[in-house]
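Let me begin by presenting the structure, written as structure tokens, before commenting on it.
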Amino acid sequence: MAECFSLQNVLETFKSSLSDNKEVYIKYYIAGWRELVSFMNSLGTVFSFISKDAVNKIQILENFLASENGSHYLTIQSMLKFELDNELVDLTKRANHPESGCRTLLRLHRALLWLELFLERLRTSTEESKTSVMCSEAYNESLARHHAWIIRKATGVAFCALPGRDAFFEVMNAGSHEEVVNLLGEALPLISEVYQITEDLYAKNNLLELP
Ligand SMILES: CCCCCCCC/C=C\CCCCCCCC(=O)N[C@@H](COP(=O)(O)O)[C@H](O)/C=C/CCCCCCCCCCCCC
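Numbering (the numbering used here) for the sequence shown: 182 to 392.
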């Protein structure tokens with residue numbers, strides 16, 4: 182039987198992604214995303230275009246990890262060093278390395294900010310709150326500025342198909358509403374830490390606008 186989504190698993194994978202010296206293991210980072218994509222798939226086919234893109238990016242990183250250079254893709258830090266030292270990143274326009282690890286991970290990293298903002302809204306929401314509104318507010322404050330008009334429109338339509346707050350809490354499969362809120366309270370600082378470490382690293386290397 183297919184294993185169903187569990188918020189606890191997301192929490193565990195993001196926890197495992199941080200090394201003692203605060204490097205971010207790519208293997209666990211993408212495992213966290215795989216878990217989230219499986220959740221999104223359970224919400225309906227209207228989200229397929231989003232999950233296809235996410236899976237494609239996860240796959241690119243998994244391929245690097247499984248390649249002969251895999252050891253350089255252990256952490257986000259080692260990937261940046263390896264790709265920059267070997268000129269494997271298109272810095273100003275997509276050319277020889279259109280699918281570098283750095284630019285691919287940057288797309289997921291931007292989406293992680295959306296996730297953080299959305300989950301924080303969900304955590305502090307009330308019975309009257311609408312998931313579609315929380316989701317699009319989080320989107321407008323994060324990913325929207327990186328997306329073309331057509332993607333923003335399609336995304337807006339998909340958000341309207343989100344289940345209501347109660348149903349959403351059910352699918353999260355983490356117990357009562359109170360338990361979900363507590364688990365979100367545990368998961369958010371971790372997600373935020375992983376996000377900030379990555380953001381600082383990319384900023385330090387001037388990689389935040391990779392094409
Ligand atoms: C804890 C459970 C509750 C939360 C569940 C959230 C589940 C979310 C799962 C996956 C999120 C998808 C991540 C999407 C990554 C998008 C990366 C991106 O920005 N790609 C664009 C740019 O890529 P390049 O063209 O430069 O290669 C690409 O153009 C985008 C295409 C598709 C649209 C992406 C829309 C992203 C919206 C994120 C909100 C997802 C809403 C899910 C609702 C639960």
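Ideal placement from N, C-alpha and C gives every residue a C-beta, glycine not left out.
Compute the minimum distance between the beta carbon of residue i and the heavy atoms of ligand 1, and state whether it is under 7 Å.
i: residue 302; result: no
i: residue 274; result: no
i: residue 338; result: no
i: residue 320; result: yes
i: residue 234; result: yes
i: residue 330; result: no
i: residue 238; result: yes
i: residue 343; result: yes
i: residue 361; result: no
i: residue 348; result: no
According to DSSP, simplified to helix, strand and coil, what is residue i?
i: residue 352; result: helix
i: residue 273; result: coil
i: residue 256; result: strand
i: residue 308; result: coil
i: residue 327; result: helix
i: residue 204; result: coil
i: residue 267; result: coil
i: residue 388; result: coil
Hey, could you find the ends of the alpha helix (DSSP H) residue i is sitting in?
i: residue 290; result: 282-304
i: residue 367; result: 358-385
i: residue 195; result: 188-197
i: residue 250; result: Run containing residue 250: none; DSSP gives neither H nor E here.
i: residue 342; result: Counting along the chain, residue 342 falls outside any alpha helix (DSSP H), and DSSP gives it neither H nor E.
i: residue 317; result: 312-321
i: residue 215; result: 207-222
Considering only residues of the same chain and omitting the five flanking positions on each side of residue i, which have a CB-CB separation below 6 Å?
i: residue 383; result: 389
i: residue 356; result: none
i: residue 182; result: Bear in mind that the predicted position of residue 182 carries a pLDDT of just 42, short of 50, making it unreliable; the figure below should be weighed with that in mind. Same-chain partners within the cutoff: there are none.
Leaving out the 5 sequence neighbours to the left and right, which residues in its chain are closer than 7 Å to residue i when beta-carbon positions are compared?
i: residue 306; result: 315, 346
i: residue 216; result: 186, 190, 191, 194
i: residue 297; result: 369, 372, 373, 376
i: residue 243; result: 211
i: residue 236; result: 218
Just confirm the distance between the C-beta atoms of residue i and residue j, as a whole number of angstroms; I'd bet it's less than 8 Å.
i: residue 246; j: residue 208; result: 6 Å
i: residue 342; j: residue 225; result: 6 Å
i: residue 281; j: residue 264; result: 6 Å
i: residue 238; j: residue 289; result: 6 Å
i: residue 271; j: residue 284; result: 7 Å
Who are the near neighbours of residue i in its chain, counting only those whose CB is closer than 8 Å to its CB and skipping five residues on each side?
i: residue 311; result: 345, 346
i: residue 188; result: 353, 354, 355, 361, 364, 365, 368
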